[in-house]
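Counting with the numbering used here, you get residues -6 to 451 for the letters of the sequence shown. The C-beta atom is built at its ideal place from N, Cα and C for all residues, glycine as well. Note that the structure is a prediction, hence the values are computed from the model and not measured.
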Amino acid sequence: MTPRVTRFIAIALAIWGAFNFAPGFALHAPHYDFNAFRCAGEIIRAGGDPYRQAAMLPCQAALGSVLGDAGVAVPAPQPPPILALFVALSLVSPAAGWIAWSFLSFAATVVAVIWTARATRTPVMTAAAAIAVVTWVPGAWVGAASPLAFAGISGALVAARAQRWPLVGLGLVAAAIQPNLAAAAWLGAFVLLPKTRAWIVAGAMVLFALGIETTGLAGWREWITEVVPAHQLSEQGAFAQLGWTSVLALFHLDGPIAANLSLGLWFAAIVVSIVRCARVDRDPVRALAYPLAAGVALAPFLHVQEIAFAAPALLLIPRTPLVGAGLLLVSGAWFTGYDVRELQPLAIAGTVWLAMDLGMPPVGTLVACGAESLLAYIVHADVVSAYHLTVERLRADIASIRTSSGLAEDAWTRYQVLQGNPALGYLFKGLSLVGALLALWLPWLGDRPAARAESEPR
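See below:
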């Protein structure tokens, strides 16, 4: 382990400890996603359906969720085999489960940074500035699963660099905790890396069997035919939802039309990226990173923090001002403080480090940090007021929501529509999608022979 990696791990541990045990922070954070995951596990153990509002709501309300108290159950839309992990999570007390889940998210982020640095041949602190803050914050605050997915992706990338094909398959299986992101990397590996195909098929079979063991075949059927379509449409009104289903809805396209069109765009972008890699460069790391970036850029469903999954593609190509702008945007530091003001200093530190590493002049760095701080302050105030207003509106007709026998996505959709802010929606989608589209387009420039020579180990 190099001194730089050791320093990074020490700094990361100090930050995790400070924020996770600081009074008023993580131990008192909303834990929305964690509560949903834990409740899904409890419901499965009790023989219930974790995808239904009627089962999820009482459990989340008992855990003290404000949304649960308002009549809204946060969905756990992961596929059946991933729910097996949540069953294990439900075997311990909520407090112990949160500490374990929080540390797992932290460890996954640290591992993701180190593996991404190795796979892209980037200094570890540069990789940390590009992906660590945006990847870890959702896990620290609400208990999101994205850090674990990023660890799986980065594991596949570093295994591809070493041409250890079974480990590539294992990393992609681990990334399946976020199937909307992992699917693009799965397709890229299956088409461009023939030696991974047997391992990918074996992993898919294991996941399928584990899903049957967890929820039965009916659970798979429900997830494919009901949960996935409903969840794709559930956040069209959310300002922090960057998926193209939500973007197209801004142009007043009907929900199902927007969903189907966005799926077509997503698949087309991945196919074009795979064809480009096959014709120009068979580098195994690019075979995973470039389709992943394409899948992020035109994803039908994408939470704002998940835009960082496009960062490995940008880290693989030579630094130019345009690449630097793309990295600053997909690093997510500029929006990290929109909901968690306590983390704003960490976000600013990430922006400063990345801007300096990219060679930005001091004035440019100060402008970037000032704009980030101002944006976070404005957005945070608006989010807080919109959130409390939404909860009060939902409490007004809580009885009708509590009696719903439908999917958890039904009430979740209603919550997101009430909370949505069109102005912030345009702002978030505009800035983030510029970064994602740069991640889709810039690798094409990076595929040129001259550029590939420049991108060899630094």
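Extent of the continuous alpha helix (DSSP H) run through residue i
i, result
"PHE260", "248 to 273"
"SER95", "87 to 113"
"GLY132", "117 to 134"
"GLU206", "190 to 215"
"THR238", "237 to 242"
"VAL184", "172 to 185"
"PHE143", "139 to 154"
"LEU351", "Looking at the DSSP string, LEU351 is not in any alpha helix (DSSP H), and its letter there is neither H nor E."
"LEU308", "304 to 308"
"LEU165", "158 to 168"
"GLY317", "314 to 323"
"GLN225", "221 to 226"
"LEU285", "277 to 290"
Whether residue i touches residue j by CB criterion (7 Å)
i, j, result
"ILE263", "ALA287", "yes"
"GLY162", "THR189", "yes"
"LEU174", "ALA280", "no"
"ALA123", "THR102", "no"
"ALA401", "MET118", "no"
"ALA33", "PRO43", "yes"
"TRP108", "GLY148", "yes"
"PRO74", "GLY204", "yes"
"ALA155", "VAL278", "no"
"LEU235", "VAL297", "yes"
"PRO72", "PRO(-4)", "no"
"ASP26", "ALA137", "yes"
"LEU347", "SER324", "yes"
"VAL220", "PRO51", "no"
Span separating the alpha-carbon of residue i from that of residue j
i, j, result
"GLN229", "GLU299", "16 Å"
"HIS245", "VAL85", "46 Å"
"GLY164", "GLY132", "19 Å"
"PHE183", "ASP247", "34 Å"
"ALA19", "ALA47", "The pLDDT assigned to ALA19 is 48, lower than 50, so where the model puts this residue is not dependable; a value taken from the coordinates is nonetheless given after this. In a straight line, the C-alpha of ALA19 is about 28 Å away from that of ALA47."
"GLY196", "VAL166", "6 Å"
"TRP216", "ASP350", "44 Å"
"PHE260", "PHE302", "17 Å"
"ALA478", "ARG157", "In the structure as shown, the chain starts at -6 and stops at 451, and residue 478 therefore has no counterpart that could be examined."
"VAL130", "ALA29", "18 Å"
"ALA93", "ALA404", "29 Å"
"GLY319", "PRO140", "21 Å"
"GLN225", "GLY343", "31 Å"
"PRO16", "PRO23", "Note that PRO16 has pLDDT 49, beneath the 50 cutoff, so the model's placement of it is unreliable and no number is given."
"LEU285", "GLN409", "27 Å"
"LEU160", "ARG31", "29 Å"
"LEU256", "VAL316", "27 Å"
"TYR283", "TRP179", "12 Å"
"VAL65", "ALA211", "25 Å"
"ALA443", "SER266", "Reliability fails at ALA443, whose pLDDT of 38 lies under 50, so the model's placement of it is uncertain and the value that follows must be treated cautiously. Straight-line Cα distance between these residues: approximately 19 Å."
"ALA63", "PRO222", "25 Å"
"LEU240", "SER227", "The identity of residue 240 in the sequence shown is Val, whereas the question assumes Leu. Roughly 13 Å between the two C-alpha positions."
"LEU60", "LEU76", "21 Å"
"PRO249", "PRO311", "40 Å"
"ALA252", "THR218", "14 Å"
"ALA121", "GLY352", "16 Å"
"VAL268", "ALA177", "13 Å"
"GLY330", "TRP134", "At GLY330, the pLDDT of 47 sits below 50, so the modelled position is not reliable; the number obtained from the coordinates is stated separately. So the two alpha carbons sit approximately 11 Å from each other."
"THR406", "PHE96", "30 Å"
"PHE201", "ASP276", "30 Å"
"ALA88", "MET198", "34 Å"
"TRP213", "GLY181", "24 Å"
"THR238", "ALA231", "11 Å"
"ALA153", "VAL67", "36 Å"
"ILE37", "TRP192", "29 Å"
"GLY41", "LEU411", "29 Å"
heavy atom of the ligand MG below 6 Å from residue i C-beta
i, result
"SER83", "No copy of the ligand MG appears in this structure; indeed no ligand is present at all."
Contact with chain D by residue i, beta-carbon distance below 7 Å
i, result
"HIS224", "No chain D is present in this structure, which holds just one protein chain."
**Report entry** At least three beta-carbon pairs within less than 8 Å, the region 305 to 321 to the region 65 to 80
**Finding:** The region 305 to 321 makes no contact with the region 65 to 80: fewer than 3 CB pairs, one atom from each, lie closer than 8 Å.
Query - Segments assigned alpha helix (DSSP H), at least 4 residues, entirely inside the region 21 to 87 - result: Within the region 21 to 87, the complete alpha helix (DSSP H) runs of at least 4 residues are 25 to 38, 46 to 55, 59 to 62, 73 to 82.
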